[in-house]
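Following: one structure in structure tokens, then a few remarks.
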Amino acid sequence: MVNEYEIKKEICEIGKRIYNKGMVAANDGNISVKISENEFLCTPTGVSKGFMTPEYICKVDKEGKVIQANGSYKPSSEIKMHMRVYRERPDVNAVVHAHPMYATSFAIAGIPLSQPIMPEAVISLGCVPIAEYGTPSTEEIPDAVSKYLQHFDSVLLANHGALSFSDTLLNAYFKMESTEFYAQLLYQSKVLGGPKELSDAQVQRLYEIRRQFGLKGKHPADLCVNNKMGKPSCHNCGGCSSSSSSEDSSDLVASITKKVMEQLGL
Ligand SMILES: [Zn+2]
Numbered sequence: 029m030v031n032e033y034e035i036k037k038e039i040c041e042i043g044k045r046i047y048n049k050g051m052v053a054a055n056d057g058n059i060s061v062k063i064s065e066n067e068f069l070c071t072p073t074g075v076s077k078g079f080m081t082p083e084y085i086c087k088v089d090k091e092g093k094v095i096q097a098n099g100s101y102k103p104s105s106e107i108k109m110h111m112r113v114y115r116e117r118p119d120v121n122a123v124v125h126a127h128p129m130y131a132t133s134f135a136i137a138g139i140p141l142s143q144p145i146m147p148e149a150v151i152s153l154g155c156v157p158i159a160e161y162g163t164p165s166t167e168e169i170p171d172a173v174s175k176y177l178q179h180f181d182s183v184l185l186a187n188h189g190a191l192s193f194s195d196t197l198l199n200a201y202f203k204m205e206s207t208e209f210y211a212q213l214l215y216q217s218k219v220l221g222g223p224k225e226l227s228d229a230q231v232q233r234l235y236e237i238r239r240q241f242g243l244k245g246k247h248p249a250d251l252c253v254n255n256k257m258g259k260p261s262c263h264n265c266g267g268c269s270s271s272s273s274s275e276d277s278s279d280l281v282a283s284i285t286k287k288v289m290e291q292l293g294l
């Protein structure tokens, strides 16, 4: 039996962390936790996530309709985005949405986090794609996020922020923290002249470690559509983290490179 009050306290604690770490400004961001098949706790709209107490937390059903809310508190306006994640990912029990500085900057610049630059990011996240822009509070963001849900546990939202999800609230928060740390490292290394990427063989060894650990959640190491077709997965091809047109062009580049190498006898 879940202790709702304890979960509400944990939501407040994670709210403080995302606020104190500068991952949200003012009243931005939202957090939710699944407590049963038809009951979810979520943060209210219009309040700072850094100053919440358990009474602030609302309860909604799987359609996002209010089951319980105190005073004038109303569930987050982004609750549809959370509900889409729960509907399409039965393994997910918590969702965190924030606007961390570096991850959001990449989301605004239209650059997915797909360069393999450090082992922890490759193992825990793989790549972090960018879901197409949608107007907040409409079905546009849930629709845009949907196509990435079966391959990733963290997604950037174009011109907006980031969305992370996992089996527990702490793990969903850690996915957000890891996404931001990855984005920050990528940014800083670009400033220093560009990252030296891990090689394909190094990436494959890290993927193998992830498989051996039996880590939960979705990861392009196992699920990348290109990988399934026997092609290199997204750290190598960019396939899962870019639009279909650039997927085609990366395929084209790969086949041209292969032909050139053959002609050179390499
Ligand atoms: Zn937002």
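Each number in the working numbering corresponds to the 1-based position in the sequence shown with 28 added.
C-beta: ideal position from N, C-alpha, C; glycine also.
- F134 sits buried, since 16 or more C-beta atoms from the chains shown fall within 10 Å of its C-beta.
- In terms of Cβ geometry, I107 and C70 form a close pair [threshold 7 Å].
- If you check the CB distance, Y210 and A149 come in under 7 Å.
- Bridge partners of E67 according to DSSP: S64.
- Counting along the chain, no alpha helix (DSSP H) covers L141, and no H or E run does either.
- Rounded to the nearest whole angstrom, the CA to CA distance from S194 to D119 is 7 Å.
- DSSP places A53 outside any alpha helix (DSSP H), giving it a letter other than H or E.
- For Q240, the enclosing alpha helix (DSSP H) starts and ends at D228 to F241.
- Residue range L197 to V219 is occupied by the alpha helix (DSSP H) that includes S217.
- At a threshold of 6 Å, G43 does not count as near ligand 1, since its beta carbon sits no closer than that to any of the ligand's heavy atoms.
- Here S182 is bridged, per DSSP, to S192.
- Of the residues R45, L213 and T73, the one whose Cα lies closest to the Cα of S100 is T73.
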